[in-house]
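Visitor: From first to last, the protein sequence lines stand for chains A and B.
Heads up: the first sequence begins at 36 in this note's numbering, then just goes up one per residue.
Heads up: the second sequence begins at 11 in this note's numbering, then just goes up one per residue.
Glycine residues also receive a C-beta, built at the ideal position from the N, C-alpha and C atoms.
If you're wondering where the values come from, they're calculated on a predicted model, not measured in any experiment.
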Amino acid sequence: MVLTTLLSRSAYSVALAALVAGLAACGGDSPTATTEGTDAGGTDSPSGIAGDIQVDGSSTVFPISEAMAEEFMAANPETRVTVGVSGTGGGFEKFCTGETDISNASRPIKQEEIEACEQAGVEFVELPVAFDGITVVTNTGNDWVQCLTTEELNTIWAPEAEGQVANWNQVRPDFPNQPLGLYGPGTDSGTFDYFTDAINGEEGASRGDYTASEDDNVVVQGVGSDDGGLGYFGYAYYEENEGQLKALEIENEAGECVAPSRETIADGTYAPLARPIFIYVNREAYETKPQVQAFVDYQVDPANEELVSEAGYIALPADISEKVVARVSNATTGSIYEGGSSVGVKLSDKL
Amino acid sequence: MTAEVPPQSSASLWRPNRQRSKQIQNLVVVITGAFAAISILTTLGIVATLMFETFEFFREVPFWNFLTDRRWTPLFSSKQFGIFVLISATVLTSVIAILVALPLGLLAAICLSEYAQPKTRRILKPVLEILAGIPSVVFGYFALLTVTPFLQSFIPNLQGFNALSAGLILGISITPLVASLSEDAIYSVPQSLRDGSYALGATRRETITAVVLPAALSGIVASLILAVSRAIGETMIVTLAAGQNPTLGLNPFVPVMTMTAYIVQVSLGDTPVGSLAFKTIFAVGMTLFLMTLVLNLFSFWFVRRFREKYE
């Protein structure tokens, strides 16, 4: 008996030791992962293009960059595109010190950022890559509202509305006495950031008592089955679910009610819930690094616009994308917005 | 064991290789010990992580706010941390689930063990257990896409996401657990007790309600509590069908957000590790863990206290 207890005891400690050793081994493995052969001197690569491309910036543009980068790297295996997510502002900070080759931005570059770039001698090429539009939807059975103003949307979605605004008749007095059911994207989504910025004046400022989901389908389900439902999500997703939901017109600054469509989003009349999104390219990197040039050309090539749609955005219409391609080949520097906002600016006129 | 073996035994003589069987024996002990240790260490690791992150959470959020805030909006700019918003939703769906699972499961168990012919029982019991094998995501979509529209046809103000259909289907999903465990408890009541009851002139129904069920009570209650724990921890059904809108209250017709649904919501986004939002899921997880722990301890105590022992 004594022998067996001793034996089993030692066995357990052996087992434990083995386990701990195993765990330690697992822990030790992690840092050695990643890093493939990168700067492999170009000559043996099939496309002849090799090297690193540094992209950083907006989380809104990230899905496009990521999709483009994946396909681009598959076609050019010797290249390595690193896409970071520091936000538009954080991206420009790195871009204007020359750290990154391309900066993703969900808004035009600001005056102070232009100055920072100038001081560091960084010239940039501003390229719209897609449109990001938000559609506000209601149940198809909703017959009392066609058009909402941004003030009314603010009444519904403002942080102060939390627990207070719960009925349609609080939005506009002639609306019926119908409970308001709210659905929208979660706080990690770029759509949420833009909507709260455009409607509530501050990114991230929103009431919290609504059905928030990172899955747009939840919004479709919720609004589709709730007579008093109201929700919002990206226009591209609405296109896929047209007919199940009713898209509202939004009154723009000129006082017109405009329904979201590819045309109204592209020409800037569907405002403020639509905007172009950009990449900013370091001109020097574009001219001296063939891999950056190849990647930028790849991104603006209309042949790849399907990747934009897949990422949930609206590809640029043909006339605009033509101008963007021309802008790339001429390496036109400077911002068409001159440090201002993109709201209400017709992109096709400015490019 | 200690029989002397001649040092030069002839090859034709068979001898057990004791040295080797000892080694194998040791190896088996090591292997089984290692596996037992893995499960224990995993549990300890989970509890330690939960405690550590929860502690971090309460360094930023006062415990009092956690208990008394009337809203749950940790991801928004107006941060409030009223855990009872989530607890109320979890309790609501679980109560509805138990209201479904208790009668269904218990009656099924009684039918199986008391009324069914042995042959029928042999077929019915595995069929009932198949229900337990349905993935909960399937139950969730069933609740969302089939049960809710059906209920809406006669409950007009029922919203697309609601606690009611989630709770009903949650109840169906835990019914096999209640039925199977209760049935085991009822079935193991000695036949002699039933015979005694019949000998006194009791009918079958009287025997079941007055003798068999009280005798099996501890097992039934244990199965029920286990089922409640499952309902509280169940994730997919409530995430899909009950919605993700943190509302305080016990209205089963509107979207609610259970604790598990909140954890799913945060885990699906790209919440940075170490942020307050990230820590909230551990605080919620800890609450969930404590709730099921209390239930399990209660069940353990109840079974001990009320178990009827028969020879």
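Using beta carbons (cut-off 7 angstroms, strictly below), is Asn255 of chain B in contact with chain A?
Guide: Along the second sequence, read from residue 1 onward, the residue named residue 255 of chain B stands at position 245. So yes, Asn255 of chain B belongs to the interface.
Visitor: Could you give the DSSP three-state label for Trp311 of chain B: helix, strand or coil?
Guide: For the purposes of this step, residue 311 of chain B is taken as residue 301 along the second sequence, with counting starting at 1. Three-state DSSP puts Trp311 of chain B in a helix.
Visitor: How is Ile165 of chain B classed by DSSP in three states: helix, strand or coil?
Guide: Counting from 1 along the second sequence, the entry for residue 165 of chain B is found at position 155. In the structure shown, Ile165 of chain B sits in coil (DSSP, three-state: anything other than H, G, I, E or B).
Visitor: Counting C-beta neighbours from all protein chains within 10 Å, is the total for Ala179 of chain A 16 or more, i.e. buried, or is it exposed?
Guide: Counting from one through the first sequence, the residue named residue 179 of chain A turns up at place 144. Note that residue 179 of chain A is Trp in the sequence shown, not Ala. Flag for Trp179 of chain A reads exposed.
Visitor: Would you report the Cα separation of Val105 of chain B and Gly177 of chain B, rounded to the nearest angstrom?
Guide: Working through the second sequence from its first residue, we reach residue 105 of chain B at position 95. Working through the second sequence from its first residue, we reach residue 177 of chain B at position 167. Distance between the alpha carbons of Val105 of chain B and Gly177 of chain B: 8 angstroms.
Visitor: So Ser31 of chain B is in the alpha helix (DSSP H); what residue range does that whole segment cover?
Guide: Here residue 31 of chain B refers to the residue found at position 21 of the second sequence. Start and end: 28–70.
Visitor: Distance check for Leu180 of chain B and Val304 of chain B, CA to CA, integer angstroms please.
Guide: Residue 304 of chain B sits at position 294 when you count from the first residue of the second sequence. Residue 180 of chain B sits at position 170 when you count from the first residue of the second sequence. Answer to the nearest angstrom: the Cα atoms are 21 angstroms apart.
Visitor: Pair every Cβ in the region 134–141 of chain A with every Cβ in the region 308–326 of chain A, then say whether three or more of these pairs are closer than 8 angstroms.
Guide: Output reads yes: the region 308–326 of chain A touches the region 134–141 of chain A.
Visitor: To the nearest angstrom, how far is the alpha carbon of Phe292 of chain B from that of Phe316 of chain B?
Guide: As a working note, residue 292 of chain B is residue 282 in the second sequence. As a working note, residue 316 of chain B is residue 306 in the second sequence. Distance between the alpha carbons of Phe292 of chain B and Phe316 of chain B is about 35 angstroms.
Visitor: Under 7 angstroms between the Cβ atoms of Thr114 of chain A and Gln326 of chain A?
Guide: Your numbering for residue 114 of chain A matches position 79 in the first sequence. Your numbering for residue 326 of chain A matches position 291 in the first sequence. A contact, by the Cβ cut-off of 7 angstroms.
Visitor: How about Thr246 of chain A and Gln254 of chain B: do their beta carbons lie closer than 7 angstroms?
Guide: Within the first sequence, numbered from 1, the residue matching residue 246 of chain A stands at position 211. Within the second sequence, numbered from 1, the residue matching residue 254 of chain B stands at position 244. Yes, the Cβ-Cβ distance between Thr246 of chain A and Gln254 of chain B is below 7 angstroms.
Visitor: So, helix, strand or coil for Cys131 of chain A, using DSSP?
Guide: As a position in the first sequence, residue 131 of chain A is number 96, starting the count at 1. Coil.
Visitor: From Glu124 of chain B to Ala226 of chain B, what does the alpha carbon distance come to, in whole angstroms?
Guide: Here residue 124 of chain B is taken as the residue at index 114 of the second sequence, counted from 1. Here residue 226 of chain B is taken as the residue at index 216 of the second sequence, counted from 1. Glu124 of chain B and Ala226 of chain B: Cα-Cα distance of roughly 13 angstroms.
Visitor: Taking all protein chains shown into account, do 16 or more other C-beta atoms lie within 10 angstroms of the C-beta of Phe160 of chain B, making it buried, or fewer, making it exposed?
Guide: Here residue 160 of chain B refers to the residue found at position 150 of the second sequence. The residue in question, Phe160 of chain B, is exposed, as its Cβ has fewer than 16 Cβ neighbours within 10 Å.
Visitor: Under DSSP, the beta strand (DSSP E) around Gly177 of chain B begins and ends at which residues?
Guide: For this step, residue 177 of chain B is matched to residue 167 along the second sequence. Per DSSP, Gly177 of chain B belongs to no beta strand (DSSP E); it is in the alpha helix (DSSP H), 173–197.
Visitor: Any beta carbon of chain A sitting closer than 7 angstroms to that of Pro200 of chain B?
Guide: Within the second sequence, numbered from 1, the residue matching residue 200 of chain B stands at position 190. No, Pro200 of chain B does not count as interfacial toward chain A.
Visitor: Thinking just about the alpha-carbon of each residue, which of A:Thr323, A:Glu341, A:Val258, A:Thr304 is nearest to the one in Ile285 of chain A?
Guide: Counted from its first residue, the first sequence places residue 285 of chain A at position 250. When each option's Cα is compared against that of Ile285 of chain A, the closest is A:Thr304.
Visitor: Mind checking Ile140 of chain B: buried by the 16 CB within 10 Å criterion, or exposed?
Guide: Along the second sequence, read from residue 1 onward, the residue named residue 140 of chain B stands at position 130. Exposed, by the Cβ-count rule.
Visitor: Anyone know if the C-beta pair for Val120 of chain A and Ala104 of chain A falls short of 7 angstroms?
Guide: Against the first sequence, residue 120 of chain A aligns to sequence position 85. Against the first sequence, residue 104 of chain A aligns to sequence position 69. Their beta carbons are not under 7 angstroms apart, which means Val120 of chain A does not touch Ala104 of chain A by this criterion.
Visitor: Counting only beta-carbon separations shorter than 7 angstroms, does Gly177 of chain B have a partner in chain A?
Guide: Position 167 of the second sequence, counted from the first residue, corresponds to residue 177 of chain B. No, no contact with chain A.
Visitor: Would Ser260 of chain A count as contacting chain B if we go by Cβ distances under 7 angstroms?
Guide: In the first sequence, counting from the first residue as 1, residue 260 of chain A sits at position 225. Yes, Ser260 of chain A counts as interfacial toward chain B.
Visitor: Of the residues that make up the region 265–298 of chain B, which ones have a beta carbon closer than 9 angstroms to any beta carbon in chain A?
Guide: Of all residues in the region 265–298 of chain B, Pro265, Met267, Gln275, Val276, Leu278, Gly279, Asp280, Thr281, Ala287 have a Cβ within less than 9 angstroms of some Cβ in chain A.
Visitor: Is Tyr245 of chain A close to chain B, meaning its C-beta is less than 7 angstroms from at least one C-beta of that chain?
Guide: The residue you call residue 245 of chain A lines up with position 210 of the first sequence. Judged by the 7 angstroms Cβ criterion, Tyr245 of chain A is in contact with chain B.
Visitor: Look at Ala378 of chain B and Ala251 of chain B and say whether their C-beta atoms are less than 7 angstroms apart.
Guide: The requested residue 378 of chain B is not part of the displayed model; chain B covers only 11 to 321.
Visitor: Would you kindly work out how many angstroms separate the C-alpha atoms of Ala59 of chain A and Thr42 of chain B, rounded to a whole number?
Guide: For the purposes of this step, residue 59 of chain A is identified with residue 24 of the first sequence, where counting begins at 1. For the purposes of this step, residue 42 of chain B is identified with residue 32 of the second sequence, where counting begins at 1. Low confidence applies here, because Ala59 of chain A scores a pLDDT of 41, under 50, leaving its location unreliable; read the following figure in that light. For Ala59 of chain A and Thr42 of chain B, the distance between alpha carbons rounds to 20 angstroms.
Visitor: Indicate, with yes or no, if the ligand SAM has a heavy atom lying under 6 angstroms from the CB of Gly219 of chain A.
Guide: Among the components modelled here there is no ligand, and therefore nothing to report on the ligand SAM.
Visitor: So Val294 of chain B and Leu51 of chain B are supposed to be a Cβ contact under 8 angstroms. How far apart are they, rounded?
Guide: Numbered from 1 along the second sequence, position 284 holds the residue referred to as residue 294 of chain B. Numbered from 1 along the second sequence, position 41 holds the residue referred to as residue 51 of chain B. Contact flag wrong, Cβ pair sits at about 24 angstroms.
Visitor: Can you round the beta-carbon distance between Leu183 of chain A and Val171 of chain A to whole angstroms, since I take them to be within the 8 angstroms contact cut?
Guide: Position 148 of the first sequence, counted from the start, is the residue given in the question as residue 183 of chain A. Position 136 of the first sequence, counted from the start, is the residue given in the question as residue 171 of chain A. Going by Cβ atoms, the distance from Leu183 of chain A to Val171 of chain A rounds to 7 angstroms, so yes, they are a contact pair.
Visitor: For Asp91 of chain A versus Thr135 of chain A, is the C-beta spacing smaller than 7 angstroms?
Guide: Indexing the first sequence from 1 puts residue 91 of chain A at position 56. Indexing the first sequence from 1 puts residue 135 of chain A at position 100. Yes. Within cutoff.
Visitor: Is there a C-beta anywhere in chain A that falls below 7 angstroms from the one on Ser87 of chain B?
Guide: Position 77 of the second sequence, counting from 1, holds the residue named residue 87 of chain B. Yes, Ser87 of chain B lies at the interface with chain A (some Cβ there is under 7 angstroms from its Cβ).
Visitor: Identify, in the order they occur along the chain, each residue of the same chain with its Cβ nearer than 6 angstroms to the Cβ of Gly239 of chain A, setting aside the five sequence neighbours on each side.
Guide: Against the first sequence, residue 239 of chain A aligns to sequence position 204. For Gly239 of chain A, where only same-chain residues beyond five positions count, the Cβ hits under 6 angstroms are Thr231.
Visitor: Of all the beta strand (DSSP E) runs that stay within the bounds of the region 202–246 of chain A, which reach a length of 3 or more residues?
Guide: With a minimum length of 3 residues, the continuous beta strand (DSSP E) runs that stay inside the region 202–246 of chain A are 216–220.
Visitor: Please confirm if the region 263–272 of chain B is in contact with the region 79–96 of chain B, defined as three or more CB-CB distances below 8 angstroms between the two stretches.
Guide: Cβ pair count under 8 angstroms is three or more, so yes.
Visitor: Do we get a CB-CB distance below 7 angstroms when we pair Gly170 of chain B with the residues of chain A?
Guide: Within the second sequence, numbered from 1, the residue matching residue 170 of chain B stands at position 160. Closer than 7 angstroms: yes.
Visitor: Can you name the start and end residues of the alpha helix (DSSP H) that Gln254 of chain B belongs to?
Guide: Taking the second sequence and counting its residues from 1, the one referred to as residue 254 of chain B is at position 244. Where Gln254 of chain B is concerned, there is no enclosing alpha helix (DSSP H), given that its DSSP letter is neither H nor E.
Visitor: Going residue by residue through the region 111–186 of chain A, where are the continuous beta strand (DSSP E) segments of at least 3 residues, counting only ones entirely within it?
Guide: Within the region 111–186 of chain A, the complete beta strand (DSSP E) runs of at least 3 residues are 114–118, 137–140, 159–174.
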